[in-house]
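For reference, the structure is listed below as structure tokens.
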Amino acid sequence: MKSANLLLLPAAALAAALLLAGCATTIDYGDPTSTKPLSTDFGSSDLQQTATAMVDSMLATAPLPADGHRPVLIIDPVKNKTMQHIDTESITDSIRTRLIRSGRFTFQDRTTEASLQQELAYQQQAAANPVQFGQQVAAEYMLTANLSEIEQKFGRVTDVYYKFTLNLRNLRTGTIDWADEKEIRKTKVRSIF
Amino acid sequence: MKPTPVPLLALAAAAAILAGCAAPNTTGVTATVAPDEYGVYQQYLQADNTRLARQVLLGNVRTDQTANGLLRARLTLTSARNKSVQVQYKFVWCDANGIEIDPDAEPWHVLTLEGRETRPVIGVAPSAAAESFRIRIREADRSKKYIH
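Chains as they are written, first to last, in this note's numbering: chain A, 1 to 193; chain B, 194 to 341.
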């Protein structure tokens, strides 16, 4: 009996060493497109999946001008109706970047308007060939978006549902010419211990 | 003397804990769809993860153009299991020379297939330069490594 205990001790020590080595705290570079969910919060993967789904749908089905010119769009900040702090400008940035890279749309940007006005004002005083005021191309469509969240908790289970809605509004007619939604559901079951 | 079951239990416990820390299998199934010299789209399937290839079947691979003149890929994923299976998929778009366009721009998408279910998967090329595509499918990372 005593010899069995003597054998057990080194075996247990070896197992503990292996465990500690394998699961020690680590820092590493990761895949920026990883879909590993860490919590039920709105994460980077949710942002990427939402942006690509919206852009794919828009490129496939959004109506374009009959004469084939690239329509000028303006994007309204996403209305964040969730309980979380989410950088919604990051979602619209991703959507806008993908749409611009597709070569099918051009964009006006109101978020950098103050800097633009400052630069134009400076040009009027200092530049030999200043850009004249009133030459900007007007936007024809406006992209508006909502991000909403429904959270349910029961016992150990947390269920969070996100819905992102994107609308393409025709500024001339005021009508919504295209819309789509992306839904995400994340579920967390807390461990018993 | 009857051998004590303690070492066996300890081994089982260690195996269970190590399984939680184990690196997930990130190989998968890749379907390449590219035009041949006659412009007809041909598909090639590369199954690195044979277990996944048996569980999830690719089918009905079609390509067409969107109204905006971009390449669109359409295919179906069918589960051959009776239980639900979660997979990740990612489109990779290539230009006429077979060079990948924006390698990091396409994220992994998560798709849950219920038992014996068939779901359509649609991807639109990020630019008009895309002429062929690959779709990579891998198992969802279900390891509990980061979850506390």
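Beta carbons are placed, not taken as given, at the ideal position from N, Cα and C, and that holds for glycine.
All figures in this text were calculated on a predicted structure; none of them were measured in a lab.
With distances taken Cα to Cα, identify the nearest neighbour of residue i among the options.
i: Ser320 (chain B); options: B:Asp295, B:Val278 and B:Glu230; result: B:Asp295
i: Ala139 (chain A); options: A:Phe42, A:Asn129, A:Glu151 and A:Pro71; result: A:Pro71
i: Val280 (chain B); options: B:Leu264, B:Asn242, B:Asn253 and B:Gly262; result: B:Asn242
i: Leu73 (chain A); options: A:Asn80, A:Lys79 and A:Leu64; result: A:Leu64
i: Ile315 (chain B); options: B:Gly308, B:Ala322, B:Asp334 and B:Ile328; result: B:Ile328
i: Arg110 (chain A); options: A:Glu181, A:Thr33, A:Thr165 and A:Glu89; result: A:Glu89
i: Lys182 (chain A); options: A:Gly68, A:Gln48 and A:Ala13; result: A:Gln48
i: Ile192 (chain A); options: A:Phe164, A:Val157 and A:Gly30; result: A:Val157
i: Ile91 (chain A); options: A:Glu151, A:Asn170, A:Gly43 and A:Asp28; result: A:Gly43
i: Arg265 (chain B); options: B:Asn290, B:Val254 and B:Ser277; result: B:Val254
i: Thr225 (chain B); options: B:Ala333, B:Asp288 and B:Asp334; result: B:Asp288
i: Gly155 (chain A); options: A:Gln117, A:Arg190, A:Thr173 and A:Ser115; result: A:Arg190
i: His69 (chain A); options: A:Gly103, A:Thr173, A:Pro10 and A:Gln117; result: A:Gly103
i: Gly308 (chain B); options: B:Arg274, B:Tyr282, B:Leu245 and B:Thr256; result: B:Arg274
Tell me the DSSP secondary structure of residue i in three-state form.
i: Met54 (chain A); result: helix
i: Pro71 (chain A); result: coil
i: Ile91 (chain A); result: helix
i: Thr61 (chain A); result: helix
i: Arg331 (chain B); result: strand
i: Leu47 (chain A); result: helix
i: Ser148 (chain A); result: strand
i: Arg265 (chain B); result: strand
i: Glu324 (chain B); result: coil
i: Gln281 (chain B); result: strand
i: Pro10 (chain A); result: helix
i: Leu304 (chain B); result: strand
i: Thr173 (chain A); result: coil
i: Arg312 (chain B); result: strand
i: Thr40 (chain A); result: coil
i: Gln132 (chain A); result: coil
i: Ile192 (chain A); result: coil
Do you know offhand how far residue i's Cα is from residue j's?
i: Gly105 (chain A); j: Arg267 (chain B); result: For the sequence presented, residue 105 (chain A) should be read as Phe rather than Gly. Between Phe105 (chain A) and Arg267 (chain B), the C-alpha separation is close to 23 Å.
i: Met54 (chain A); j: Glu293 (chain B); result: 22 Å
i: Leu120 (chain A); j: Asp229 (chain B); result: 52 Å
i: Leu168 (chain A); j: Thr144 (chain A); result: 7 Å
i: Tyr234 (chain B); j: Met58 (chain A); result: 25 Å
i: Glu310 (chain B); j: Val249 (chain B); result: 10 Å
i: Ile330 (chain B); j: Pro32 (chain A); result: 17 Å
i: Gln132 (chain A); j: Gln108 (chain A); result: 17 Å
i: Arg312 (chain B); j: Leu251 (chain B); result: 10 Å
i: Ser325 (chain B); j: Gln84 (chain A); result: 40 Å
i: Ile150 (chain A); j: Asp177 (chain A); result: 27 Å
i: Ala322 (chain B); j: Ser94 (chain A); result: 20 Å
i: Asn261 (chain B); j: Asp67 (chain A); result: 12 Å
i: Phe164 (chain A); j: Asn146 (chain A); result: 6 Å
Return the Cβ separation of residue i and residue j in integer angstroms, given the expectation that the two are a contact with Cβ distance under 8 Å.
i: Asp82 (chain A); j: Ser148 (chain A); result: Rather than Asp, the amino acid found at residue 82 (chain A) in this sequence is Thr. Thr82 (chain A) to Ser148 (chain A), Cβ: 7 Å. Contact.
i: Leu270 (chain B); j: Leu304 (chain B); result: 7 Å
i: Asp46 (chain A); j: Tyr162 (chain A); result: 7 Å
i: Arg98 (chain A); j: Thr52 (chain A); result: 7 Å
i: Glu299 (chain B); j: Val317 (chain B); result: Contact doesn't hold; Cβ gap of about 11 Å is too wide.
i: Lys186 (chain A); j: Pro37 (chain A); result: 6 Å
i: Arg96 (chain A); j: Ile75 (chain A); result: 6 Å
So is residue i in contact with chain B if we call contact Cβ pairs under 8 Å?
i: Gln84 (chain A); result: no
i: Lys36 (chain A); result: yes
i: Ser45 (chain A); result: yes
i: Ser102 (chain A); result: yes
Got a sec: is the Cβ-Cβ distance from residue i to anything in chain A below 8 Å?
i: Ser320 (chain B); result: yes
i: Pro300 (chain B); result: yes
i: Leu268 (chain B); result: no
i: Val314 (chain B); result: no
i: Leu250 (chain B); result: no
i: Tyr339 (chain B); result: Only weak support is given to the placement of Tyr339 (chain B): the predicted model assigns it a pLDDT of 49, under 50, and the question is left unresolved by the model.
i: Thr259 (chain B); result: yes
i: Val278 (chain B); result: no
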